[in-house]
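Have a look at the structure below, then the notes.
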Amino acid sequence: MPNQFRFDNRFLREFPALLHEQQQAPLEQPQLVIANQALLHELQLPVTAEQLPSTFGGNRQMPGSQPLAQKYAGHQFGHYNPYLGDGRGLLLGEWVTDQQRVDIHLKGAGPTPYSRGADGRAVLRSCIREFLGSEALYHLGIPTTRALSVVAGATVVQREQPEPGAMLARVARTHIRFGHFEHCYHRGLSNELTGLMNYVIETQWPDLAEQPETEFFERVVQSTAAMVAGWQAYGFNHGVMNTDNMSIVGETFDFGPFQFMDTYNPKLICNHSDHTGRYAFDQQPSIALWNLNCLALALSPLIESDALVAALKRFEGYLHRDYWALMAKRFGLTEVGTEDRQLMSEYLDILARQQRDFTLSMRALAEAPEQGVAELIDSDNSGELANWWQRYHSRWQADVLSAKQKQTQMLAANPRYILRNYLAQEAIVAAEQGDLSVLEDLYKTLQQPFTYQAERDRFAKVPPAWASELEISCSS
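Per my numbering: the sequence shown = residues 868 to 1343.
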């Protein structure tokens, strides 16, 4: 292993008031469920293949690792909660390579002082969902934390019913959340507040070092907008956009009842516990801005209010720029104007009215852009798809790129395979019964979402009828 690959646990050294050091509570009889071999190879962690279950099942500590639980606060469903923190996860350390600096985190590692009476454990189904969900987003090109492994054990965890316990090893650029800054602000921890901003700048955005007061919040706004634009462009509903679930660097964070939409439905509410629809799919941009306002308040002792307000006002512009850039690629258009945006929006409106599958309807445009979405049009008695297609195809042909260039662009922007809820559920059920082949097969498919895979094309099918009855809540 190169000498520069090491743990450098700066958060532990600099923020003793924002953490609690402790060891992980090991799983009994840990067994590897799935591992991200490519990421393990990239990071070159001090873990052999034989040591994976014991290391990420809480039975072995990596050299240089210093586990800790972080303290933070946050707004949950619009209400401030000062009693939050890592209730079942531990930051194992900050891993530094010659290319990057990342946090290694273990979810389900046992109770901490911030568990609020809970058992500190995670169940196998939630660990599998986060593993698949984060990797699916990554391979779609959407900013996200990554998953290293899932390890299960003989430890039984009580939820609505007894379930197998598990641990998820997670990799993130940083685990600093909006809620870290909120905690420091509301507790009057001015030194820690300043220190956190400097820590993020120096470890994540060193190019901001000369003008941190004016540029830091602007970068957070831009990064958050880019993340949410990716969600909206690819039909991802996070489900629990509390401020303690918002990464300061704009990575999709804390996967719970998330869902990639099947039928295009902008009103989708993936979280069965979200009774008011606060975190519905079409509310995600406005909630992101609401959360940024909470962060702006927390940063107000450090940054002039005029600069904060100006950055908040630019959020919508950043979001629209990034969203329409992604959608333009999906539709095979360049130099998009107002009429083009209206044309693309019309297609989405038709999909919503006719309850069409979002992913497959977009892929249909890419696979036969000159022939048209024949199957969709043939099944449309209203004629609105045929009318739309004529206008779209005329615009598509007039675009500056060649037909081949446009189709290549569209195939690289429109996935054939996404992580549908029913696919995750099938993999979970099989894994709980000891069959890991479904999980492995699905994971392989999601690593190449834009590439036709004949041997695994069953994962591209529309959901069966029973899939609509799946209800996902925050329970994990």
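We put the beta carbon where it would ideally sit given N, CA and C, even for glycine. A quick note: this is a predicted structure, and the numbers were derived from the prediction, not measured.
Euclidean distance between Cα positions of residue i and residue j
i: Thr1091; j: Ile1154; result: 11 Å
i: Ala841; j: Thr1275; result: The structure shown does not extend to residue 841, since the chain is modelled only from 868 through 1343, so no value can be given for it.
i: Gly1301; j: Asp1111; result: 34 Å
i: Pro1031; j: Leu1056; result: 40 Å
i: Arg1197; j: Pro897; result: 43 Å
i: Thr1070; j: Thr964; result: 13 Å
i: Gly925; j: His1260; result: 56 Å
i: Lys974; j: Ile1170; result: 34 Å
i: Thr922; j: Asp1247; result: 55 Å
i: Arg1234; j: Asp1173; result: What sits at residue 1234 in the sequence shown is Glu, not Arg. The straight-line gap from Cα to Cα measures roughly 48 Å.
i: Met868; j: Leu912; result: In this prediction, Met868 scores a pLDDT of 46, lower than 50, which makes its location untrustworthy; the coordinate-derived value is nonetheless stated afterwards. Going by the C-alpha atoms only, they are around 9 Å apart.
i: Lys1328; j: Leu1290; result: 10 Å
i: His1142; j: Met1108; result: 14 Å
i: His908; j: Gln1209; result: 45 Å
i: Met1094; j: Glu1082; result: 18 Å
i: Glu997; j: Glu1213; result: 33 Å
i: Met1034; j: Ile1115; result: 24 Å
i: Thr831; j: Trp1098; result: Because the chain spans 868 through 1343 in this model, residue 831 falls outside it and cannot be assessed.
i: Pro1316; j: Tyr1284; result: 5 Å
i: Gln890; j: Arg927; result: 10 Å
i: Gly1008; j: Phe1120; result: 15 Å
i: Asn1138; j: Phe1122; result: 11 Å
i: Gln1221; j: Leu1227; result: 14 Å
i: Thr1012; j: Ala1279; result: 22 Å
With 16 other Cβ atoms within 10 Å as the buried cut-off, status of residue i
i: Glu1049; result: buried
i: Ser1269; result: exposed
i: Asp1074; result: exposed
i: Gln1126; result: buried
i: Ala1241; result: exposed
i: Gln1151; result: buried
i: Pro930; result: exposed
i: Thr915; result: exposed
i: Ser1249; result: exposed
i: Val1296; result: exposed
i: Trp1333; result: exposed
i: Val1038; result: buried
i: Thr1318; result: exposed
i: Ser1304; result: exposed
i: Ala969; result: Looking at the sequence itself, residue 969 is Val, so the reference to Ala does not match. Buried, by the Cβ-count rule.
i: Ser1335; result: exposed
Close-in-space but distant-in-sequence residues of the same chain around residue i (CB under 7 Å, 5 per side omitted)
i: Asp1308; result: Arg1323
i: Ser932; result: Phe874, Leu959, Gly960
i: Thr1061; result: Leu1169
i: Ala884; result: Leu1056, Glu1059
i: Glu1299; result: Leu991, Pro1031
i: Pro920; result: Pro897, Gln898, Leu899, Val1018
i: Glu1352; result: No information on residue 1352 is available, as it lies outside the stretch 868 to 1343 that the chain covers here.
i: Gln1292; result: Leu1337
i: Met1128; result: Gly1102, Asn1104, Leu1135, Phe1148, Phe1225
i: Ser1016; result: Leu899, Ile901, Ala902, Asn903, Leu919, Phe923, Ala1036
i: Ala905; result: none
Beta-carbon gap between residue i and residue j smaller than 8 Å
i: Gln937; j: His1053; result: no
i: Ser999; j: Leu1286; result: According to the sequence provided, residue 999 is Leu. The question's Ser does not apply to it. Contact: yes.
i: Gly984; j: Gly977; result: no
i: Pro934; j: Leu951; result: no
i: Met1229; j: Asn1281; result: yes
i: Leu1215; j: Ala1003; result: no
i: Ile901; j: Leu1162; result: no
i: Ser982; j: Gly954; result: yes
i: Gly941; j: Pro1010; result: no
i: Ser1167; j: Leu1175; result: yes
Cut-off 8 Å between Cβ atoms - residues of its own chain near residue i, not counting five sequence neighbours on either side
i: Ala1100; result: Tyr1190, Leu1193, Met1194, Arg1197
i: Lys1134; result: Gly1144, Ala1147, Phe1148, Asp1149
i: Val1088; result: Leu1159, Ala1178, Leu1179, Arg1181, Phe1182, Tyr1185
i: Arg1223; result: Thr1130, Tyr1131, Ile1217, Leu1243
i: Met1277; result: Lys1196, Arg1197, Phe1198, Gly1199, Leu1232, Ala1233, Pro1236
i: Ile1068; result: Leu1075, Ala1076, Pro1079, Phe1083
DSSP bridge partner residues for residue i (one or two, in chain order)
i: Leu1007; result: Partner(s): none; Leu1007 has no beta bridge.
i: Leu958; result: Leu935, His972
i: Asn1104; result: Gln1126
i: Thr1022; result: Per DSSP, none; premise fails for Thr1022.
i: Pro1031; result: Val1023
i: Arg1197; result: Note: Arg1197 sits in no beta bridge, so no partner.
Beta-carbon proximity list for residue i, same chain, < 6 Å, skipping 5 on both sides
i: Glu895; result: Gly1020, Ala1021, Thr1022
i: Ala1253; result: Ile1244
i: His1105; result: Phe1125
i: Asp1207; result: Leu1200
i: Trp1072; result: Arg1086
i: Val1024; result: Arg988, Val990, Glu1030, Gly1032
Any non-hydrogen atom of the ligand NAD within 7 Å of residue i CB
i: Ala1235; result: Absent from the structure shown: the ligand NAD. Ligands present: none.
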